[in-house]
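Here's the structure, in structure tokens; my notes come after.
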Amino acid sequence: MKEIIIDTLLDTIKIIPFLFIAFLLIELMEHKLSNKTKKVITKSKKYGPVLGSLLGAIPQCGFSVMATNLYVTRIITLGTLISIYLSTSDEMLPILISEKAPISLISKIILIKVLLGIIYGIIIDIIFTKIFKSKEKETYEICDKQHCHCEENILLSSLKHTLKIGLFILITTFILNTLFHYVGEDYLSQILLKDNIFGPFITCLIGLIPNCGASVILTELYLNNAVSLPALISGLLSSSGSALLVLFRTNKNIKENIFILSLLYLIGVFTGIILELVNLIK
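Here the numbering used here = 1-based position in the sequence shown + 43.
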């Protein structure tokens, strides 16, 4: 156990500096783009899913939360909301950067999520636009203060994000190292159904956890070779950070909220199964 603890601490400490730099860059980008992003997505109209998916891929503080608020007041469509949820990577990007993952891998994941966000968003708008009719519009701030730190000093905010995600990584790494040591990598992979078409059923459930911890767990599982790339993408598609919490808190239509949650899960599972079957990505 002592060796596991030491290895976990060393693994976490090594990535902290890179994690801080990644979050600092994201914070700088957020402060420059947040208001512009809100204006663009608000005026997107029929091009909402395309712009939503492209903008969702840009690391921004609370973007999926802002989109949720805009959807609740019907400023954006359901297709646009889903496209943003699907393309948003939450903490996946800074973790992959801090772990020095290949640029080709990072680009592949982001590109796939953006393309799927556009495709699914357009299809959903075609099918459901007439069902989810307009409401009275209201104004929301892009930054939900419970879920991001847009008003704080950039360095302080970056440090808070780093410590928070660093703690998630520490806990996740410790659990994985313990499982690998006592259970074995092969057996853990079997439990998580690695390289199995049913693997996405598990990773999508993890992705639905309404917290940044979901993307942390999924990314760490992939980096530790416990889940396949299709299963990772599947789980990341269903992961939208704290946005689902905001949806259930602000939207009084519970049936609609459950429908959106189910839609995310089904999209993630379906896509993961297809990716596993065609075996185009590894």
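Even glycine gets a Cβ: it sits at the ideal position worked out from N, Cα and C.
Residue j beta carbon less than 8 Å from that of residue i
i           : j           : result
residue 131 : residue 150 : no
residue 341 : residue 71  : The chain is shown from 44 up to 325; residue 341 falls before or after that span and cannot be answered.
residue 209 : residue 62  : yes
residue 315 : residue 274 : yes
residue 270 : residue 242 : yes
residue 277 : residue 312 : yes
residue 156 : residue 251 : no
residue 235 : residue 267 : no
residue 231 : residue 244 : no
residue 66  : residue 285 : no
residue 127 : residue 105 : no
residue 102 : residue 158 : no
residue 320 : residue 240 : yes
Start-to-end residues for the alpha helix (DSSP H) that takes in residue i
i           : result
residue 89  : Counting along the chain, residue 89 falls outside any alpha helix (DSSP H), and DSSP gives it neither H nor E.
residue 319 : 297-321
residue 170 : 146-171
residue 143 : Note, residue 143: premise wrong, no alpha helix (DSSP H); not H, not E.
residue 247 : 242-250
residue 109 : 106-115
residue 236 : It is not in any alpha helix (DSSP H) - residue 236 carries neither H nor E in the DSSP assignment.
residue 220 : 197-225
Cα-Cα separation between residue i and residue j, rounded to whole angstroms
i           : j           : result
residue 318 : residue 324 : 7 Å
residue 91  : residue 309 : 22 Å
residue 172 : residue 120 : 7 Å
residue 123 : residue 213 : 35 Å
residue 55  : residue 322 : 32 Å
residue 112 : residue 255 : 18 Å
residue 247 : residue 160 : 16 Å
residue 139 : residue 262 : 8 Å
residue 405 : residue 110 : Residue 405 is absent from the structure shown; the chain starts at 44 and stops at 325.
residue 141 : residue 134 : 11 Å
residue 115 : residue 293 : 7 Å
residue 167 : residue 125 : 8 Å
residue 206 : residue 118 : 35 Å
residue 193 : residue 272 : Low per-residue confidence applies at residue 193: pLDDT is 49, beneath 50, and the placement is therefore not dependable enough to give any value.
residue 298 : residue 154 : 32 Å
residue 129 : residue 49  : 36 Å
residue 93  : residue 152 : 17 Å
residue 162 : residue 265 : 25 Å
residue 100 : residue 51  : 30 Å
residue 216 : residue 237 : 18 Å
residue 211 : residue 53  : 15 Å
residue 229 : residue 249 : 20 Å
residue 183 : residue 233 : Unreliable positioning characterises residue 183 in this predicted model, as indicated by a pLDDT of 43, which lies under 50. The coordinate reading is nonetheless provided below. Answer to the nearest angstrom: the Cα atoms are 45 Å apart.
residue 221 : residue 147 : 30 Å
Residue i, buried or exposed, once every other Cβ within 10 Å from all chains shown has been counted against 16
i           : result
residue 204 : buried
residue 281 : buried
residue 46  : exposed
residue 295 : exposed
residue 225 : exposed
residue 199 : exposed
residue 169 : exposed
residue 60  : exposed
residue 301 : exposed
residue 363 : Since the first residue shown for the chain is 44 and the last is 325, residue 363 is missing from the structure and cannot be characterised.
residue 290 : buried
residue 287 : buried
residue 58  : buried
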